[in-house]
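Residue numbers 111 to 192, in our numbering, belong to the letters of the sequence shown in order.
Just so it is clear, CB atoms sit at the ideal spot from N, CA and C, and this is done for glycine as well.
Here the structure is a predicted model, which is why all the values come from computation and not from measurement.
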Amino acid sequence: MGSTLETAIVFSTVFIVICIFIVLPLSVCGDAYDDFVEGSEEISNYYDSDYNAQGFNFMLTGISENYRMIYGTLGDILDEEG
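Structure below.
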């Protein structure tokens, strides 16, 4: 069997590898949790704000429909006169 120094080096290396396998996934999980919290806050801000994409789309659709009605009416008036 090897010397005490060799045994200490091997045990230390194994211990360090085990510690790395424990600590690295924890830091990755912590980063993933932080990303989840930030994403949840952005989604809640999206739904809580008065200005969101759905409201903006509804406003643009309403404006578009108004212009269609106005131009359609003007087109009908000009067709009747001509």
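When DSSP states are grouped into helix, strand and coil, N162 belongs to the coil group. When the Cα atoms are used, I187 and M179 turn out to be separated by approximately 12 Å. Under the three-state reduction of DSSP, S122 is assigned to helix.
Assignment of S113 by DSSP, reduced to helix, strand and coil, places it in the coil class. Cα atoms of D141 and P135: separation of roughly 10 Å, rounded to the nearest angstrom.
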